[in-house]
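A.B. asks: Please see the structure below; I have some questions.
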Amino acid sequence: MKNNIAELRKKSKITQQKLADEVKVTRQTIISLEFGRYNPSLELAYKITKALKQKHIEDVFDLKSIEI
Amino acid sequence: MTQKHINKKNSVWRYSLATILIIAGIILSYLNIGTEFLGFPSVGSWLIYVGFIMLAIVTLQLMSNKKRIVDERMQFVATKAARITFIGIILFAFVIMVIDGIKPINIAYSYFMSYLICGIILLYLVSYKILLRFN
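Going down the list, the sequences are from chains A and B.
Counting in numbering that gives the first Met the number 0, the first sequence tops out at residue 67, every number present.
Counting in numbering that gives the first Met the number 0, the second sequence tops out at residue 134, every number present.
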């Protein structure tokens, strides 16, 4: 699943470590998410959306890229 | 339940297990049960040794204040590593059966089990570390 965590994070001037601390995961998990190697759970996706001050999950994660 | 409470509960369990091992070791040594075992003069002395090592590890873990985060990706990777280890055990058992059919393996059961357990732990750790890097 594609996402724009990196862009939104840079726009908000938040470091990977700060975002990781905010959503209670490791920095490596944020790196994996940014590279699209790992798909987060719904709970983590909500937390990241909130931490990046976005209204909807779709603003952060590209749900169209998921094959159904 | 907070992480601190979970750690405390785990430590109590580990301390209890270590104490049981030491007591069992003392009883076995006192009753002279079990001969030479894994380089130790008796099973009892080996159990006492393992018990004390366990006590030391748990105490060191309790003393270190390092904050550990276990997130969902780590749990996901741990499940994958466990699956790989399980498949590894099955493959290893098959290979052992084939080798034993060709040429009978003569090794003490205690040695075999200790090698097997060390191998399982090593395989799990290696696969966990590799998966953690690439997932």
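Ideal placement from N, C-alpha and C gives every residue a C-beta, glycine not left out.
Output yes or no for whether 8 angstroms exceeds the beta carbon distance between A/Glu33 and A/Ala5.
C.D. replies: Counting from one through the first sequence, the residue named residue 33 of chain A turns up at place 34. Counting from one through the first sequence, the residue named residue 5 of chain A turns up at place 6. It is a contact, given that the beta carbons lie within the stated cut-off.
A.B. asks: Hey, does B/Arg72 have any beta-carbon neighbour from chain A nearer than 8 angstroms?
C.D. replies: In the second sequence, residue 72 of chain B corresponds to position 73, counting from 1. Chain A contact via Cβ: present.
A.B. asks: Less than 8 angstroms between the C-beta atoms of A/Lys63 and B/Ile68, yes or no?
C.D. replies: The residue you call residue 63 of chain A lines up with position 64 of the first sequence. The residue you call residue 68 of chain B lines up with position 69 of the second sequence. Not a contact, by the Cβ cut-off of 8 angstroms.
A.B. asks: For a cutoff of 8 angstroms on Cβ pairs, would you count A/Arg8 as touching chain B?
C.D. replies: Residue numbering aside, residue 8 of chain A sits at position 9 when the first sequence is read from its first letter. It does not: the Cβ of A/Arg8 has no partner Cβ on chain B nearer than 8 angstroms.
A.B. asks: Checking 8 angstroms against the spacing of the C-beta atoms, do B/Gly38 and B/Gly24 come in under that value?
C.D. replies: Along the second sequence, read from residue 1 onward, the residue named residue 38 of chain B stands at position 39. Along the second sequence, read from residue 1 onward, the residue named residue 24 of chain B stands at position 25. Against a cut-off of 8 angstroms, the Cβ pair of B/Gly24 and B/Gly38 comes out as no contact.
A.B. asks: So the alpha helix (DSSP H) B/Lys128 belongs to, where does it begin and stop?
C.D. replies: For this step, residue 128 of chain B is matched to residue 129 along the second sequence. Run containing B/Lys128: 108 to 133, per the alpha helix (DSSP H) assignment.
A.B. asks: Using the beta-carbon count (16 or more within 10 Å), is B/Ser63 buried or exposed?
C.D. replies: Numbered from its first residue, the second sequence carries residue 63 of chain B at position 64. The residue in question, B/Ser63, is exposed, as its Cβ has fewer than 16 Cβ neighbours within 10 Å.
A.B. asks: What does A/Lys1 reach in chain B if we use C-beta pairs closer than 7 angstroms?
C.D. replies: Along the first sequence, read from residue 1 onward, the residue named residue 1 of chain A stands at position 2. None at all; the shortest Cβ gap to chain B is about 17 angstroms.
A.B. asks: Do A/Asp58 and A/Thr48 have their C-beta atoms within less than 8 angstroms of each other?
C.D. replies: The residue labelled residue 58 of chain A in the question sits at position 59 within the first sequence. The residue labelled residue 48 of chain A in the question sits at position 49 within the first sequence. Result yes, Cβ atoms of A/Asp58 and A/Thr48 sit closer than 8 angstroms.
A.B. asks: Evaluate B/Trp45 with the Cβ neighbour count: other Cβ atoms within 10 Å of its Cβ, from every protein chain shown; 16 or more gives buried, anything less gives exposed.
C.D. replies: The residue labelled residue 45 of chain B in the question sits at position 46 within the second sequence. The residue is buried, with at least 16 neighbouring Cβ atoms inside 10 Å.
A.B. asks: Here's the rule I'm using: 16 or more other beta-carbon atoms within 10 Å means buried, otherwise exposed. How should A/Tyr37 be labelled?
C.D. replies: For the purposes of this step, residue 37 of chain A is taken as the residue at position 38 of the first sequence. Looking at its Cβ environment, which holds 16 or more other Cβ atoms inside 10 Å, A/Tyr37 is buried.
A.B. asks: Answer yes if the segment 51 to 60 of chain B comes into contact with the segment 84 to 101 of chain B, meaning at least three C-beta pairs across the two stretches below 8 angstroms, and no otherwise.
C.D. replies: No, they do not touch.
A.B. asks: Does chain B have any CB closer than 8 angstroms to the CB of A/Tyr37?
C.D. replies: Start at 1 with the first residue of the first sequence, and residue 37 of chain A comes out as number 38. Chain B, which has a Cβ nearer than 8 angstroms to the Cβ of A/Tyr37, makes this yes.
A.B. asks: Look at B/Met53 and B/Arg13 and say whether their C-beta atoms are less than 8 angstroms apart.
C.D. replies: On the second sequence, position 54 is the one that residue 53 of chain B refers to. On the second sequence, position 14 is the one that residue 13 of chain B refers to. Yes, Cβ-Cβ distance for B/Met53 and B/Arg13 is below 8 angstroms.
A.B. asks: Between B/Phe111 and A/Gln53, what straight-line distance do the alpha-carbon atoms span, to the nearest angstrom?
C.D. replies: Numbered from 1 along the second sequence, position 112 holds the residue referred to as residue 111 of chain B. Numbered from 1 along the first sequence, position 54 holds the residue referred to as residue 53 of chain A. Roughly 57 angstroms separates the two Cα atoms.
A.B. asks: If you count every other CB in all the chains shown that lies within 10 Å of the CB of B/Arg72, and 16 or more means buried, which is it?
C.D. replies: The residue labelled residue 72 of chain B in the question sits at position 73 within the second sequence. By the 10 Å Cβ count, B/Arg72 comes out buried.
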